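Residue numbers (the working numbering), protein chains in the order written: chain A, 1 to 218; chain B, 1001 to 1294. Take a look at the structure set out below.
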Amino acid sequence: MADEDARHEAGEALAAAVGRAAPAEWEWLARAPLPGAFAGAGRRCRGAAGLGPGEAAALRRAGAVAPEAWPLADAARVWLLLARLPLTAPEAAATVRRLFLTGDTAERRAVLRALALLPAPEAHRDLAIEACRTNVQEVFEAIACDNAYPAAFFPEPAFNQMVLKAVFLGAPLGRVVGLEARRNPEMERMARDYASERRAAGRPVPEDLTLITAGATP
Amino acid sequence: MKLFDPHIHMTSRTTDDYQAMRAAGVVAVVEPAFWLGQPRTHVGSFEDYFLSLIGWERFRAGQFGIHHFCTIGLNPKEANNPDLTDGVLALLPQYLEKDGVVAVGEIGFDDATEAEERCFAAQVELARAHDLPILIHTPHRDKKRGTARSLAVVRECRFPEERVLIDHNTEETLPMVLDSGCWAGHSVYPHTKMDEDRMAALVGRYGPERIIVNSAADWGVSDPLKVPKTADAMRAAGIAEADIETVLWRNPVTFFAQSGRLDPAELETPARVDQRRLHEGNSVLRGQAPEVEA
């Protein structure tokens, strides 16, 4: 994933975007202890992140997928994670886990969007897989859609479960990063079984399933 | 008329209640953190409770078209458990920063002990630090003395009175609360505290300013439709529509908007009902067709 330089530039881009949109809040975020800053970013940073083209490009180089769509609060929270996590991998993973578990929906979304950008990202694999167990659409889509993390780090069973769950929740499969490259016979079998279950119940078969079956009728 | 129930423990209520409330015009609620009917024995139980108030319950309300806000605090009953108080007070700074938290509360007195007063004053300072108003519970026993003592604590802490809501008032406590700059809440209950007709009489006598009405419905004998029923009683008593709207909508909106986390303009649009949204692996739907508003 991202090297140290790309991560540094992404952090600078986010700091610039937040500092521009909310200068007073930026000062507060930079000083407050991490858990409070992470929670309080929501009410202090409202509206869209408004990243410039250069800033969005820096984020993409660091592993972000659709940063233009991020709200300002997400930009602030991803910046906090890039700038303020402990330096050792186990301590960083423990902090990220704690912020996720004690977060509301918006905080959880921001943690998941940050995962692919963090140093030693594999340390967060269990948390990312656990996050797929949520059924809050917003939290699930933050890990399953427009996120490079699962395709890069999930083992096959976890990736397959995430893809099938996306179908169940109506999360768009077209936004699952790396789906084509991670397709496998077991995933295809699960898709066909699901299609068969839907037909038996007299229910429509989601069109997205053809993305798993390479265009064939599932 | 849109209605606001500014004190209701939805965690203890069913989806039928949510549907009935929405049908009766309730489009926003505040759920104060309180005790759960039996004492908690771990600090972690408080943390999971706070998380459910800012997460699961907020999501559940949204599925029925109701805006959900909450207050976070250590309640006076459990402030008497020395194994819990320091741990719970230490959790609060993080949770008082969350988006849907519109006050510190319920805090105040239950048995009027020293431990209760210590936690009360500590949480007044937390409200100041996090720029939040305060919701104060007044005791069932020795209510007049408890209410006077609560007002005294607010004054001793020099906390701005217009940012304080003193709850569960009766005919005997309302005048002293109105004489202060605090707001006066009333819990309309089937048998205890306040009822709809007495509430209408109080608004008739004192006018609508700084008066707030809630159902305080929880896990006991209580009624989540007491706010709409009080609207009916006030109408029957000849209270002007504008005054009813002030008491049952504008006052709670104005009070909690002081938190900066409740946008009155946003409340003008009811939360969109979309039961396709799920939460933490559990949908509140059990096989029925989801209701989705266009």
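Glycine residues also receive a C-beta, built at the ideal position from the N, C-alpha and C atoms. Since we're looking at a predicted model, the values are computed, not measured.
Partner residues on chain B for residue i, Cβ-Cβ distance less than 7 Å
i, result
"Arg43(A)", "Asp1099, Gly1260 and Arg1261"
"Pro35(A)", "Gln1094"
"Gly40(A)", "Glu1097"
Residue i - partner residues in DSSP beta bridges
i, result
"Met1194(B)", "Val1188(B)"
"Phe1069(B)", "Val1030(B)"
"Phe1004(B)", "Ala1028(B)"
"Ile1166(B)", "Ile1136(B) and Ala1184(B)"
"Ile1212(B)", "Gly1185(B)"
"Asn147(A)", "Ala64(A)"
Per-residue contacts from residue i into chain B (C-beta, under 9 Å)
i, result
"Ala106(A)", "Asp1099"
Residue closest to residue i, alpha-carbon to alpha-carbon, out of the options
i, options, result
"Ala1061(B)", "Asp1197(B), Leu1126(B) and Ser1012(B)", "Ser1012(B)"
"Val1124(B)", "Asp1083(B), Leu1074(B), Lys1144(B) and Thr1173(B)", "Leu1074(B)"
"His1168(B)", "Leu1051(B), Gly1108(B), Ala1090(B) and Ala1233(B)", "Gly1108(B)"
"Pro157(A)", "Asn184(A), Asp193(A) and Ala200(A)", "Asn184(A)"
"Ala10(A)", "Pro90(A), Ala116(A) and Val136(A)", "Ala116(A)"
"His1067(B)", "Glu1156(B), Thr1113(B), Lys1002(B) and Asp1197(B)", "Lys1002(B)"
"Glu1295(B)", "Pro1190(B), Gly1100(B) and Gly1238(B)", "Residue numbering for chain B in the displayed model covers 1001 to 1294; residue 1295(B) lies beyond these limits and cannot be assessed."
"Ala92(A)", "Pro67(A), Glu68(A) and Ala123(A)", "Ala123(A)"
"Met1176(B)", "Thr1147(B), Pro1160(B) and Glu1047(B)", "Thr1147(B)"
"Met1010(B)", "Glu1196(B), Ala1152(B) and Trp1219(B)", "Trp1219(B)"
"Gly47(A)", "Ala22(A), Gly36(A) and Pro35(A)", "Ala22(A)"
"Tyr149(A)", "Leu169(A), Phe140(A), Arg61(A) and Val177(A)", "Val177(A)"
"Ala66(A)", "Ala49(A), Thr105(A) and Thr88(A)", "Ala49(A)"
"Arg108(A)", "Thr88(A), Leu179(A), Ala24(A) and Ile143(A)", "Ile143(A)"
"Leu1135(B)", "Phe1120(B), Met1234(B) and Lys1143(B)", "Phe1120(B)"
"Gly1181(B)", "Thr1170(B), Thr1192(B) and Ile1166(B)", "Ile1166(B)"
"Ile129(A)", "Gly42(A), Lys165(A) and Met187(A)", "Lys165(A)"
"Leu1126(B)", "Glu1268(B), Val1088(B), Asp1179(B) and Lys1077(B)", "Val1088(B)"
"Thr1015(B)", "Arg1141(B), Gln1063(B) and Asp1195(B)", "Gln1063(B)"
"Ala41(A)", "Ala76(A), Pro71(A) and Glu55(A)", "Ala76(A)"
"Asp1195(B)", "Ser1222(B), Leu1092(B), Leu1051(B) and Pro1032(B)", "Ser1222(B)"
"Ala1020(B)", "Ala1240(B), Lys1226(B) and Leu1084(B)", "Lys1226(B)"
"Thr1085(B)", "Glu1116(B), Glu1031(B) and Val1104(B)", "Glu1116(B)"
"Arg133(A)", "Leu14(A), Phe153(A), Phe168(A) and Pro119(A)", "Phe168(A)"
"Ala15(A)", "Pro86(A), Pro218(A), Leu80(A) and Ala120(A)", "Leu80(A)"
"Arg98(A)", "Leu59(A), Arg199(A), Arg203(A) and Ala131(A)", "Ala131(A)"
"Phe1004(B)", "Ser1215(B), Thr1041(B) and Leu1248(B)", "Leu1248(B)"
"Leu1053(B)", "Pro1133(B), Gly1105(B), Arg1163(B) and Asp1232(B)", "Gly1105(B)"
Partner residues on chain D for residue i, Cβ-Cβ distance less than 9 Å
i, result
"Gly1055(B)", "The chain labelled as chain D is not found among the protein chains of the depicted structure, namely A and B."
Contact set between residue i and chain A, taken where Cβ atoms lie within less than 9 Å
i, result
"Leu1309(B)", "This structure gives no information on residue 1309(B), because the portion of chain B shown stretches from 1001 to 1294."
Partners in chain A for residue i, counting only beta-carbon separations shorter than 8 Å
i, result
"Phe1059(B)", "Thr105 and Val136"
Residue i CB to nearest heavy atom of the ligand ZN below 7 Å
i, result
"Phe168(A)", "What this structure holds is no ligand at all, so the ligand ZN is not there to describe."
Quiz prompt | Ranges of the beta strand (DSSP E) found wholly within the segment 1090-1152 of chain B, counting only runs of at least 3 | solution = The DSSP assignment places 1101-1108 and 1134-1137 as complete runs of the beta strand (DSSP E) inside the segment 1090-1152 of chain B, in order along the chain (cut-off: 3 residues).
Quiz item: In the segment 1079-1109 of chain B, which residues sit with their C-beta less than 8 Å from some C-beta in chain A, listed in chain order?
Solution: Within the segment 1079-1109 of chain B, the residues whose Cβ lies closer than 8 Å to some Cβ of chain A are Pro1093, Gln1094, Tyr1095, Glu1097, Lys1098, Asp1099 and Gly1100, listed in chain order.
Quiz prompt | Length at least 4, wholly inside the segment 94-134 of chain A: the alpha helix (DSSP H) runs in chain order | solution = Runs of the alpha helix (DSSP H) inside the segment 94-134 of chain A: 105-114 and 125-131.
Quiz item: Taking only runs of the alpha helix (DSSP H) that begin and end inside the segment 32-78 of chain A, which ones reach a length of at least 4 residues, in chain order?
Solution: Taking only runs of at least 4 residues, the alpha helix (DSSP H) segments lying wholly in the segment 32-78 of chain A are 34-44 and 53-61.
Quiz item: Which residues, taken in chain order from the segment 1037-1052 of chain B, show a beta carbon closer than 8 Å to some beta carbon of chain A?
Solution: Listed in sequence order: Glu1047 and Leu1051.
Practice problem: Give, in chain order, every unbroken run of the beta strand (DSSP E) that is at least 3 residues long and sits entirely within the segment 1210-1250 of chain B. | Solution: At a cut-off of 3 residues, the continuous stretches assigned as beta strand (DSSP E) that sit fully inside the segment 1210-1250 of chain B are 1211-1214.
Self-check item: Completely contained alpha helix (DSSP H) runs for the segment 160-204 of chain A, where each covers 4 or more residues
Solution: Counting whole runs of 4 or more residues, the segment 160-204 of chain A contains the alpha helix (DSSP H) stretches 179-182 and 185-200.
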